[in-house]
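For the record, the sequence lines run as chains A and B.
Residue numbers for the first sequence follow our numbering, beginning at 27 and rising by one.
Residue numbers for the second sequence follow our numbering, beginning at 101 and rising by one.
Below is one structure, written out as structure tokens, with a few remarks after it.
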Amino acid sequence: MGTGRLYAAVAASGFRRYATYRTATAAGVFTNSVFGLILAYTYLAVWNERPHLGGYDQSQALTFVWVSQGLLMTVAVFGGGFEEELIERIRTGDVAVDLYRPVDLQGWWLASDLGRALFHLLGRGVVPLVFGALLFPLALPASPLTWVAFVLAVGLGVVVSFAIRFVVALSAFWLLDGAGVAQLAGLTAVFCSGMLLPLNVFPGTLGEVVRLLPWSALLQAPVDVLLGAADPLPTYGFQIAWAVVLLGVGRLVQSAATRRVVVQGG
Amino acid sequence: MYEGLRAYGLITAMWIRSTMAYRASFVMTTLGNFAATGLDFVAIMLMFSRIDSLGGYRLPEVAFLYGLSATAFGFADLVLGSMDRLGRRVRDGTLDTLLVRPAPVLAQVAADRFGLRRLGRIVQGVLVLGYAVASLDLAWTPSKVLMVLLALLSGAAIFCAVFVAGAAFQFVAQDASEVQNSFTYGGQTLLQYPPTVFAKELVRGVTFVLPLAFVNWLPALYVLGRPYPLDLPAWLAFAPPLVAAACCALAMLAWRAGLRSYRSTGS
């Protein structure tokens with residue numbers, strides 16, 4: 027089997043794996059919609075107080091809420107997806123089997139995570155956005171090109187998100203229990219991605235710094251492309267730069283980790 | 101009742117002992133819990149770095165709302181936070197083990213994997229509440245102090261009822277355990293903001309249908325001396341204990357109905 031076909035098969039199985047749990051998906055969509063509703067009213071109150079805060083008008087702020095509720099699973103802001111499983115495989119030593127396969131570890135999990143992300147984009151992303159658009163006046167673009175540009179930015183956001191989570195998971199080679207690091211990584215992502223509050227609302231220098239960090243590629247960047255608040259090309263450049271750097275870090279950590287892997291048991 | 105509390109106490113004590121075997125891990129997860137819940141308040145502070153009031157409420161007033169609901173929710177989460185694992189037990193059939201043990205099932209499910217790290221959430225809520233009380237500049241009367249204590253106790257009881265009712269729902273919809281998060285974490289998120297922020301229908305819904313408003317909105321607005329957005333009699337601010345009792349009774353009925361409807365996965 028060619029490498030491309032293999033990765034496609036892995037991605038497809040990642041998609042199917044999450045698509046199996048339909049009730050859980052419906053429950054998740056419900057929860058995202060409830061949180062969207064609460065945040066939408068809160069943001070309305072904030073933007074009533076300060077119109078054009080952070081350069082958004084009120085409907086753009088509302089769009090931010092609903093798009094980010096739709097994307098938070100796709101770009102795995104809270105973590106989740108593969109790290110738990112990979113950490114567990116490292117802890118138990120099963121990862122030795124993975125390393126023995128004639129497939130690259132990072133490539134394998136990236137393919138699987140892309141499959142998961144595609145399912146989450148369709149299964150968890152569309153309904154909350156439609157629900158929000160029915161209830162609130164959203165600033166959604168009319169041009170199909172903008173939507174294509176948005177989906178591309180989401181895809182790059184998923185790659186950056188994966189690259190970060192891969193490094194987090196590999197920390198288990200040294201720590202064995204990766205739960206603490208995973209939690210810390212999740213908190214950082216919530217704060218720095220725009221999930222907590224749009225990054226352009228952050229005050230002063232803090233705002234400028236968080237916009238340069240890789241996490242802004244996950245949520246803030248795609249939403250800004252959709253809202254027309256950012257040019258697609260420089261945004262892609264920013265996302266690709268972080269993706270290359272972080273995937274490279276993942277490679278280095280992986281080769282360091284495989285040199286010290288000791289398989290437990292006989 | 102006594103038997104249930106005793107079983108709960110024993111199982112909880114066991115989990116605490118096992119937690120304390122890994123002290124460093126306990127300290128880290130508690131700090132993590134503290135930081136995770138603290139982020140919500142960081143969001144509010146970031147908002148207030150750009151605005152002076154939200155829905156007509158200043159920062160200390162929002163902090164008061166936040167502190168009350170976060171502390172009440174923290175207690176419920178500490179006591180019953182493990183109940184969202186019930187769906188998993190129903191799915192993989194391990195609930196059967198609990199059914200054959202000579203202790204009430206609710207107590208066993210509630211104490212299952214008791215997480216002492218959830219103290220982090222309570223500490224965070226109490227700190228914000230302390231900040232709010234210190235900076236509010238209110239004329240404290242005995243009835244207002246009483247109201248705060250009443251709100252914390254009844255609020256915790258109301259959230260406990262939500263946890264139990266959510267667990268009962270999981271007997272029916274096993275994979276849908278995330279729906280519960282809408283009412284627990286979602287409810288807590290809703291209550292940390294002033295009621296004036298939300299649409300009237302939403303406020304009506306959480307006052308009359310799912311009475312989360314009694315956790316902190318009604319008592320806090322009495323303490324702050326602010327009008328409730330709905331036209332309600334003033335004495336209703338003292339109703340939280342009654343509402344909490346009614347919620348707990350309904351949740352127990354739901355739990356019994358759920359447990360009775362349980363069919364094991366076994367063949």
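Just so you know, even glycine gets a beta-carbon here, dropped at the ideal spot from N, CA and C.
The beta carbon of Y44 of chain A does not come within 8 Å of any beta carbon belonging to chain B, so the residue lies off that interface.
Rounded to whole angstroms, the Cβ separation of A175 of chain A and P258 of chain A is 4 Å, and the two are in contact under 8 Å. Around the CB of R31 of chain A, fewer than 16 other CB atoms lie within 10 Å, so the residue is classed as exposed.
Judged by DSSP in its simplified three-state form, Y108 of chain B adopts helix. Partner residues in the beta bridge of Y157 of chain B, as assigned by DSSP, are B:L154. Closer than 8 Å to the CB of M183 of chain B there is not a single CB belonging to chain A.
In the structure shown, the three-state DSSP call for H78 of chain A is coil. Close to R76 of chain A, with beta-carbon spacing below 7 Å, are these residues of chain B in chain order: R150, I151.
Cβ proximity to chain B below 7 Å picks out T57, V60, F61, I64, Y67, T68, A71, V72, E75, R76, L79 from the segment 57-82 of chain A.
DSSP places D275 of chain B within a helical segment (H, G or I) once states are collapsed to three.
Proximity of F271 of chain B to chain A, defined by a Cβ-Cβ separation below 8 Å, is not satisfied. Counting only runs of 4+ residues, the alpha helix (DSSP H) found wholly inside the segment 254-292 of chain A occupies 258-286, in chain order. If you draw a straight line from the Cα of M99 of chain A to the Cα of W200 of chain A, it is about 28 Å long. At least one beta carbon of chain A lies nearer than 8 Å to the beta carbon of V297 of chain B. For the options A:T49, A:R43, A:I113, A:Y47, the alpha carbon positioned closest to that of L202 of chain A is the one of A:I113.
For V216 of chain A, the chain B residues whose Cβ falls inside 7 Å of its Cβ are L139, in order along the chain.
The three-state secondary structure of F228 of chain A, taken from DSSP, is coil. Here L272 of chain A is near V186 of chain A, since their CB atoms are less than 8 Å apart. Here W241 of chain A has A215, C218, S219 as same chain residues with Cβ atoms under 6 Å from its own Cβ, once five neighbours each way along the sequence are excluded. In chain order, A71, V72, E75 make up the part of chain A whose C-beta sits under 7 Å from the C-beta of L154 of chain B. Near chain B, meaning a CB-to-CB distance below 7 Å, the residues of the segment 220-247 of chain A are L222, L223, V227, F228, P229. 8 Å or more divides the Cβ of V190 of chain B from the Cβ of L199 of chain B. Shown here, R213 of chain B sits in coil according to DSSP, grouped into three states, outside any helix or strand.
Pairwise C-beta distances place the segment 80-92 of chain A out of contact with the segment 315-330 of chain B, as fewer than three of them are shorter than 8 Å. Between Q280 of chain A and the set A:W73, A:V36, A:V72, A:W135, the nearest pair of CA atoms involves A:W135. In terms of Cα proximity to L154 of chain B, the closest of A:G233, A:A165, A:A71 is A:A71. Contact annotation: F259 of chain B and G358 of chain B have beta-carbon atoms that are not nearer than 8 Å. Secondary structure note for M221 of chain A: it is in no alpha helix (DSSP H), with a DSSP letter that is neither H nor E. For G40 of chain A, the enclosing alpha helix (DSSP H) has its first and last residue at 29-45. At least one CB of chain A lies nearer than 8 Å to the CB of S282 of chain B. By the rule that beta-carbons nearer than 8 Å mark a contact, A168 of chain A does not touch chain B. Only residues of its own chain outside the window of five on either side were considered, and among them G204, V207 have a CB closer than 7 Å to the CB of S197 of chain A, listed in chain order. Under the three-state reduction of DSSP, Y69 of chain A is assigned to helix. In the assembly as shown, D331 of chain B is an exposed residue. Its beta-carbon has fewer than 16 other beta-carbons within 10 Å. Contact between F41 of chain A and L155 of chain A does not hold, since their C-beta atoms are separated by about 20 Å, which reaches or exceeds 8 Å.
When the alpha-carbon of A268 of chain B is set against those of B:A170, B:R106, B:M352, B:V233, the nearest one is in B:M352.
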